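Student: Just so you know, the protein sequences line up as chains G and V, in that order. The numbering used here puts the first residue of the first sequence at 883, with every later residue one more than the last. The numbering used here puts the first residue of the second sequence at 883, with every later residue one more than the last.
Protein chains: 2
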Amino acid sequence: MKKSKPTIHEIAKLLNIDSSTVSRALNDSKLVTQKTKDKVLKKAKEIGYQRNMLASNLRKSKSNTIGVIVPRISRHFFSSTIAGIEEAAYTHGYNVVIAQSMEKLEREKRIVGNFISNRVDGVLVSVSMETVSAEHLERFNQTNTPLVFFDRALPNVNNSKVLIDDYQASLQATEHLIEMGCKKIAHLSGPKNLAIYKNRLKGYKDALKLNDIPFDSKLVFASALHQEDGYRLADDIIKSKKAIDGIVSANDLAAIGAMKKLKESKVRIPEDIAVVGFSNEPMSAVIEPALSTVDQSGYDIGKIACNLLIDSLKNDGAIATKTVTLSPTLIKRASTLR
Amino acid sequence: MKKSKPTIHEIAKLLNIDSSTVSRALNDSKLVTQKTKDKVLKKAKEIGYQRNMLASNLRKSKSNTIGVIVPRISRHFFSSTIAGIEEAAYTHGYNVVIAQSMEKLEREKRIVGNFISNRVDGVLVSVSMETVSAEHLERFNQTNTPLVFFDRALPNVNNSKVLIDDYQASLQATEHLIEMGCKKIAHLSGPKNLAIYKNRLKGYKDALKLNDIPFDSKLVFASALHQEDGYRLADDIIKSKKAIDGIVSANDLAAIGAMKKLKESKVRIPEDIAVVGFSNEPMSAVIEPALSTVDQSGYDIGKIACNLLIDSLKNDGAIATKTVTLSPTLIKRASTLR
DNA sequence: AAAATATTTGCAATCGATTGTAAAATTATT
DNA sequence: AATAATTTTACAATCGATTGCAAATATTTT
């Protein structure tokens, strides 16, 4: 019933050698003859040996694992990011553990404790919308666990970060609307504690300034950027009678929600109101009119962040922290082309 | 620099008691006085102690972790599933490790080895499209690791399974098209090694039979069900001049690809060709016309599967395997309503 | 108050793999 | 062939927490 798994000691006994030799053989150490290695490998396969990583990791006091904290994996951006992370991790022999905060600080804290208990070697973090301080993440620094932020980083922390140039992207997106003739542009913004949303807001503002359009704080609508938020806010926009003719949304979901309401209200897109989103969710290519948006190349972000982390891991943290900023691409589609 | 993490021995030394007492205190054993427990807990917090799960797990030779293998997390169905799994796991104190096979058998095999090495207590599996035999999964049975399949199961294995009634759903979807007046209905099918696709095909066939519509194998198009496949196959359908007036797709992505081609070719949906998908991806509500589809309640599947697994874990595998089949819901939208 | 019982605590082995160092076996040198 | 140098293998400690059992302490019973 309880078939206990074979250990190196079994192999050692069967071959009449010491378990330490078996261990070294399995690890392809140069301290062991090829002949012995062959014997060991053969026997290991024969009895179906599988290294107990718990024991190995305990002894080496590292888990060979990279922990990843993301708000939620169902967002296309984050699942692309994870694909990039896995790619980089696997080519360097690391495993990846993914955890979702579901945008809740509470869950994020729990994950941190968990990762520390399980001795992940390093962490990649994109914080939740509720996260305002790095207090709970400090524990990683205390335990000497390198941490790299990606996309959603916290300010005033001494960690490497891989970001996209949200400011530039948002500025471009807004200027694109202006080029298309929009004069009164609203902005759907996210929680202002997150730098990415602050930067997107700033890009929007500066684009207006550069084009001599007065900024009106009443045209900035903050929310959690759910689809329903966009829907609701579009309703506000329509009812406001402010002659708004363009919407720059800080994500695609809210933009899509807004489009839904606009279409229901027979507001023509882009003729009456042009809409641009952010993140290039697959949905945005499918909706009609197709939504212009900013592609964040999540795969690259993940890969780069993971490589940064691995560098720091291989150098025992003796590496300067750095910030990599990628340039996103504005994808122009029917929702803005007029 | 290398701040080593505190252990129970540190705590023991500081309090002048034995580490075994500390261990018991931290585990809230009834063999320890409340007074001692308080002392230990206080000191533990004071020095920032965090249990080393590697050591704990090694000693107990279990990891308190449930491994999950899914084809890819970016599919809405699977990310809902994972949400359900995490919910069930966390309420029972288990951790969850997610791994994506990316529909590749090779990766699936690698993950299996990995899970065994890391001594996951149990596994939840939805196999890749390439998986035809359970050979590699047999290793879990050999090592006494309970396994529960969900959604994509393998035939002829003695494991619990949580499935949806694909046959019934597909039959319903097809009959719905027939009710809408479709006479010549095509089916976009998936890899025939997977039971879910076989059942969906069978449901389609039987719906025709029940309604005295002759089955024509030339109207069944098999593919990997990517969006591009749908796009390509729709083209074939149009060019075939077979007067096809309905499409039952085995997933939403292919249905959406097909719709794209149909719309480009000025084929009206649903007037000329009605389309129904499968899985209720968020995209399907956004596309125009909105895509009728089958909702699989992924969250429930995940939760039920995980609870089954936990039952078996708590009873040391001494529990009969069972198959739970959920009834999915057909969501009727504009792509079929005429 | 002594004996018997019950409650706490400490000792030491254990989980399985790794690794520094010593011992043994092999090869090279004179 | 004897010694030195080198390679290969074995011994034993270690990683940190857990746990059966014995020892010590506290409580109850007579």
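Where a beta carbon is used, it is the ideal one built from N, C-alpha and C, also for glycine. Note that the structure is a prediction, hence the values are computed from the model and not measured.
Cβ closer than 7 Å: which chain V residues qualify as neighbours of G:SER956?
Tutor: Your numbering for residue 956 of chain G matches position 74 in the first sequence. Result: HIS958 and SER961.
Student: Determine whether the Cβ of G:ALA937 lies closer than 8 Å to any Cβ atom of chain V.
Tutor: Position 55 of the first sequence holds residue 937 of chain G. So, interface residue.
Student: What residue ranges within the stretch 963–1030 of chain G form continuous alpha helix (DSSP H) runs of no fewer than 4 residues, ordered along the chain?
Tutor: For the stretch 963–1030 of chain G, whole alpha helix (DSSP H) runs of length 4 or above, ordered along the chain, are 987–999 and 1020–1024.
Student: Going along chain V, which residues have a C-beta under 8 Å from G:ASN996?
Tutor: For the purposes of this step, residue 996 of chain G is identified with residue 114 of the first sequence, where counting begins at 1. Going along chain V in sequence order, the residues near G:ASN996 (Cβ under 8 Å) are ASN977.
Student: For chain V, check one thing: does any of its Cβ atoms lie closer than 8 Å to the Cβ of G:LEU1006?
Tutor: For the purposes of this step, residue 1006 of chain G is taken as residue 124 along the first sequence, with counting starting at 1. No - not a single Cβ of chain V is within 8 Å of the one on G:LEU1006.
Student: Could you tell me the distance, in whole angstroms, from the CA atom of G:THR947 to the CA atom of V:ALA1106?
Tutor: Counting from 1 along the first sequence, the entry for residue 947 of chain G is found at position 65. Counting from 1 along the second sequence, the entry for residue 1106 of chain V is found at position 224. Taking the straight line joining both Cα atoms gives about 32 Å.
Student: Residues of chain V with a CB under 8 Å from the CB of G:ILE1169: which are they?
Tutor: Reading the first sequence from its first residue, position 287 is the one you call residue 1169 of chain G. Result: VAL1168, ILE1169 and GLU1170.
Student: So what's G:LYS1043 in DSSP terms, helix, strand or just coil?
Tutor: Residue numbering aside, residue 1043 of chain G sits at position 161 when the first sequence is read from its first letter. Strand.
Student: Enumerated in chain order, which unbroken segments of the alpha helix (DSSP H) with a length of 4 residues or greater are wholly contained in the stretch 1063–1137 of chain V?
Tutor: Listed in chain order, the complete alpha helix (DSSP H) runs (minimum 4 residues) inside the stretch 1063–1137 of chain V are 1077–1092 and 1109–1121.
Student: If you measure from the beta carbon of V:ILE1183 to each beta carbon in chain G, is any gap under 8 Å?
Tutor: Here residue 1183 of chain V refers to the residue found at position 301 when the second sequence is read from its first residue. So no, V:ILE1183 is outside the interface.
Student: Would you give the residue range spanned by the alpha helix (DSSP H) that G:ALA831 belongs to?
Tutor: Any question about residue 831 of chain G goes unanswered here, given that chain G covers just 883 to 1220.
Student: Which residues bound the beta strand (DSSP E) around V:THR1207?
Tutor: Residue 1207 of chain V sits at position 325 when you count from the first residue of the second sequence. Counting along the chain, the beta strand (DSSP E) containing V:THR1207 begins and ends at 1205–1208.
Student: Just curious, the alpha helix (DSSP H) that G:LEU1059 is in, first and last residue?
Tutor: The count along the first sequence starts at 1 and reaches residue 1059 of chain G at position 177. 1048–1061 is the span of the alpha helix (DSSP H), which, as asked, contains G:LEU1059.
Student: Classify G:PHE960 as helix, strand or coil using the three-state DSSP reduction.
Tutor: Residue numbering aside, residue 960 of chain G sits at position 78 when the first sequence is read from its first letter. In the structure shown, G:PHE960 sits in a helix (DSSP, three-state: H, G or I).
Student: Would you check if there are 3 or more beta carbon pairs closer than 8 Å linking the stretch 1076–1086 of chain V to the stretch 1189–1207 of chain V?
Tutor: Contact between the stretch 1076–1086 of chain V and the stretch 1189–1207 of chain V is absent, because fewer than three Cβ pairs lie under 8 Å.
Student: Could you name the residues of the stretch 1016–1035 of chain V whose beta carbon sits closer than 9 Å to any beta carbon of chain G, in the order they occur along the chain?
Tutor: Against chain G - using a Cβ distance shorter than 9 Å - the residues of the stretch 1016–1035 of chain V are ARG1021, GLN1024, THR1025 and ASN1026.
Student: How many angstroms separate the CA atom of G:PRO1037 from the CA atom of G:ALA1077?
Tutor: Start at 1 with the first residue of the first sequence, and residue 1037 of chain G comes out as number 155. Start at 1 with the first residue of the first sequence, and residue 1077 of chain G comes out as number 195. So the two alpha carbons sit approximately 7 Å from each other.
Student: With distances taken between CB atoms, is the gap from G:VAL994 to G:ARG1021 smaller than 8 Å?
Tutor: Counting from 1 along the first sequence, the entry for residue 994 of chain G is found at position 112. Counting from 1 along the first sequence, the entry for residue 1021 of chain G is found at position 139. Against a cut-off of 8 Å, the Cβ pair of G:ARG1021 and G:VAL994 comes out as a contact.
Student: Where does G:GLY1159 sit, in a helix, a strand or coil, going by DSSP?
Tutor: Here residue 1159 of chain G refers to the residue found at position 277 when the first sequence is read from its first residue. Of the three classes helix, strand and coil, the one that applies to G:GLY1159 here is coil, per DSSP.
Student: Taking all protein chains shown into account, do 16 or more other C-beta atoms lie within 10 angstroms of the C-beta of G:GLN982, making it buried, or fewer, making it exposed?
Tutor: Within the first sequence, residue 982 of chain G is the residue found at index 100, counting from 1. Under this definition G:GLN982 is a buried residue.
Student: In the DSSP assignment, the beta strand (DSSP E) including G:LEU908 goes from what residue to what residue?
Tutor: Translated into positions along the first sequence, residue 908 of chain G becomes position 26. Here G:LEU908 belongs to no beta strand (DSSP E); instead the alpha helix (DSSP H) covers 901–908.
Student: Under DSSP, the alpha helix (DSSP H) around G:THR1211 begins and ends at which residues?
Tutor: If you number the first sequence from 1, residue 1211 of chain G lands on position 329. Counting along the chain, G:THR1211 falls outside any alpha helix (DSSP H), though it belongs to the beta strand (DSSP E) covering 1211–1213.
Student: Could you pull the DSSP bridge partners for V:ILE948 from this structure?
Tutor: In the second sequence, residue 948 of chain V corresponds to position 66, counting from 1. Bridge partners of V:ILE948: V:VAL978 and V:GLY1004.
Student: Hey, V:GLY1184 and V:ILE964 are a contact pair by Cβ (cut 8 Å); roughly how many whole angstroms apart?
Tutor: Mapped onto the second sequence, residue 1184 of chain V falls at position 302. Mapped onto the second sequence, residue 964 of chain V falls at position 82. Indeed they touch by this definition, with Cβ atoms about 6 Å apart.
Student: Please tell me whether G:VAL1157 and G:ILE1120 are closer than 8 Å, where the distance is taken between their beta carbons.
Tutor: Here the question's residue 1157 of chain G lines up with position 275 in the first sequence. Here the question's residue 1120 of chain G lines up with position 238 in the first sequence. Contact: no.
Student: Bridge partners of V:THR1175, per DSSP?
Tutor: What you label residue 1175 of chain V is simply residue 293 of the second sequence in a count that begins at 1. Partner(s): V:ILE1213.
Student: Is there at least one Cβ from chain V nearer than 8 Å to G:LYS1196's Cβ?
Tutor: The sequence position of residue 1196 of chain G within the first sequence is 314, counting from 1. Chain V contact via Cβ: absent.
Student: Can you give me the C-alpha to C-alpha distance between G:LYS887 and V:ASP1118, rounded to a whole angstrom?
Tutor: Reading the first sequence from its first residue, position 5 is the one you call residue 887 of chain G. Reading the second sequence from its first residue, position 236 is the one you call residue 1118 of chain V. Spanning the two alpha carbons is a distance of roughly 54 Å.
Student: Find out if the Cβ-Cβ distance for the pair V:VAL1075, V:VAL1168 is shorter than 8 Å.
Tutor: Within the second sequence, residue 1075 of chain V is the residue found at index 193, counting from 1. Within the second sequence, residue 1168 of chain V is the residue found at index 286, counting from 1. The sequence given here places Asn at residue 1075 of chain V; Val does not occur at that position. For V:ASN1075 and V:VAL1168, no; Cβs fall outside 8 Å.
Student: Within 8 Å (strictly less), CB to CB, does G:ASN1041 reach chain V?
Tutor: In the first sequence, the residue the question calls residue 1041 of chain G occupies position 159. Answer no: the Cβ-Cβ gap between G:ASN1041 and chain V never drops below 8 Å.
Student: What whole-angstrom Cβ distance do G:VAL1044 and G:ILE1186 have, given they're in contact under 8 Å?
Tutor: Within the first sequence, the letter at position 162 stands for residue 1044 of chain G. Within the first sequence, the letter at position 304 stands for residue 1186 of chain G. Their Cβ separation, rounded to whole angstroms, is 5 Å, which keeps G:VAL1044 and G:ILE1186 in contact under 8 Å.
Student: Using a C-beta cutoff of 8 Å, does V:PRO1164 count as contacting chain G?
Tutor: Start at 1 with the first residue of the second sequence, and residue 1164 of chain V comes out as number 282. So yes, V:PRO1164 belongs to the interface.
Student: Tell me where the alpha helix (DSSP H) around G:GLY1184 begins and ends.
Tutor: The residue labelled residue 1184 of chain G in the question sits at position 302 within the first sequence. Residues 1180–1196.
Student: Measuring only between beta-carbons, confirm whether V:LYS895 sits less than 8 Å from chain G.
Tutor: In the second sequence, counting from the first residue as 1, residue 895 of chain V sits at position 13. Not one chain G Cβ lies under 8 Å of V:LYS895.
Student: How long is the line joining the alpha carbons of G:ILE890 and V:ASN909, rounded to whole angstroms?
Tutor: Locating residue 890 of chain G in the first sequence gives position 8, counting from the first residue. Locating residue 909 of chain V in the second sequence gives position 27, counting from the first residue. Cα to Cα, G:ILE890 sits roughly 31 Å from V:ASN909.
Student: Can V:ASP1047 and V:THR1203 be called in contact, C-beta distance under 8 Å?
Tutor: Translated into the one-based positions of the second sequence, residue 1047 of chain V becomes position 165. Translated into the one-based positions of the second sequence, residue 1203 of chain V becomes position 321. Result no, Cβ atoms of V:ASP1047 and V:THR1203 do not sit closer than 8 Å.
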